[in-house]
Amino acid sequence: MQAVTIKKRIRPANLKVGVELDRDLFNAGPEPYLAGAPQINAKAGNRVIFMAHWRVDAPLTDGQLVQIAMDGYMDMLEGIKPATYGNQIGTSKKALPGVITVFHWDNEIIIASSQSKGLPLTYTRNQHILELVQQCIQPNDAKSAQAKCGEMSAAQLFVHLYPNTVISTKAIVSVTVQGDEDNPTATTMETLTRNGIKAPCSHPAGNGCDRIIGPGKVIRREVPVGTAPAPYSKSGWTQSDAPQISFVLPSAQVEHA
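Read left to right, the sequence shown gives residues 66 to 322 (our numbering).
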């Protein structure tokens, strides 16, 4: 299968929290597995992850994080319209990431989608995250959750932005929302409100992001399921420019590194 290339960055005018496709990662095309990475049943191809990074002027409440995640999902839908990248990404159920995750610590937030298409970024790029994935896998069990979760994308972005910071030293609060599971492109704000918070993946075999939540782990805590969205203001926020936080840029070129 020939890789698709998106030559021009198109930024929708009505984004709420600046979530955009990592176009450079998409254009990087297929990549081989890292040595020692789990092997999964996935086809190599263009990888799709949407993301944003902000500095905020004050800590955010759990309810505000829920609303930010929902707004991030709606931003993602803007990115797959025909006027943006819809023709290259596609609009099928498998083409669009299923969830959006928000990480909040200190006065910063990362907003990142799960990954659709291609081999998991965590298994092909050494962002010092592979060891975190091992915590999600039951010892002596070769199975995994494929490391395409929103939590893994957000963790990857944190480490890419701050390669010299141990992620577990930050008191990260995380929340994830999911759109229409049968038809993600038909997701509305009403859909997101009805679905509410998606709990971290947890599997009977012991695989899942629930294994990296708790004091001293990647995520200090999750926003409790059932937390209602609350309004927020972007006054005082400053954003990392999307090209500066592409996963394919060397760490030396990354803003805030």
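Every residue, glycine too, gets a C-beta built ideally from N, C-alpha and C.
Less than 8 Å between C-beta atoms, sequence neighbours within five positions excluded: which residues of the same chain meet that for residue i?
i    : result
V288 : D127, L130, V131, V238, S239, V240 and I262
T303 : W119 and R120
D247 : K158
K146 : P77
Determine the extent of the beta strand (DSSP E) in which residue i is found, giving its start and end residues.
i    : result
A117 : F115 to R120
V238 : V238 to Q243
I71  : Counting along the chain, I71 falls outside any beta strand (DSSP E), and DSSP gives it neither H nor E.
Could you pull the start and end residues of the alpha helix (DSSP H) that residue i belongs to?
i    : result
A220 : G215 to L226
I232 : First-last for I232: undefined, no H or E at that position.
A177 : Careful: A177 lies outside any alpha helix (DSSP H), inside the beta strand (DSSP E) at E173 to S178.
I154 : G151 to I154
Based on DSSP bridge pairs, tell me the residues matched to residue i.
i    : result
A123 : A123 pairs with nothing; no bridge assigned.
W302 : Per DSSP, none; premise fails for W302.
Just to confirm before moving on: does the CB-CB distance between residue i and residue j stay below 8 Å?
i    : j    : result
L186 : R112 : yes
E85  : G144 : yes
K182 : A212 : no
A177 : S218 : yes
Excluding five sequence neighbours on each side, which residues of the same chain lie with their C-beta closer than 6 Å to the C-beta of residue i?
i    : result
D136 : K81 and V82
G301 : D122
Output needed for residue i: all residues of its chain with C-beta closer than 7 Å, excluding positions within five of it in sequence on either side, in chain order.
i    : result
Q243 : G163, V164, N260 and K263
C214 : S179, C266 and C274
A317 : Because the pLDDT of A317 is 47, which lies under 50, any placement of that residue in the model is unreliable, and the question is left without a value.
P204 : Since pLDDT at P204 reaches only 49, below the 50 mark, its modelled position is unreliable, and the value read off the structure follows with that caveat. Closer than 7 Å at Cβ, skipping near neighbours: no residue.
Consider the C-beta atom of residue i and the heavy atoms of the ligand ZN; say whether any pair is separated by less than 7 Å.
i    : result
G128 : With respect to the ligand ZN, the structure shown offers nothing to examine, as it has no ligands at all.
In chain order, each alpha helix (DSSP H) run of at least 4 residues that lies wholly inside the stretch 253 to 299: Counting whole runs of 4 or more residues, the stretch 253 to 299 contains the alpha helix (DSSP H) stretches 254 to 260.
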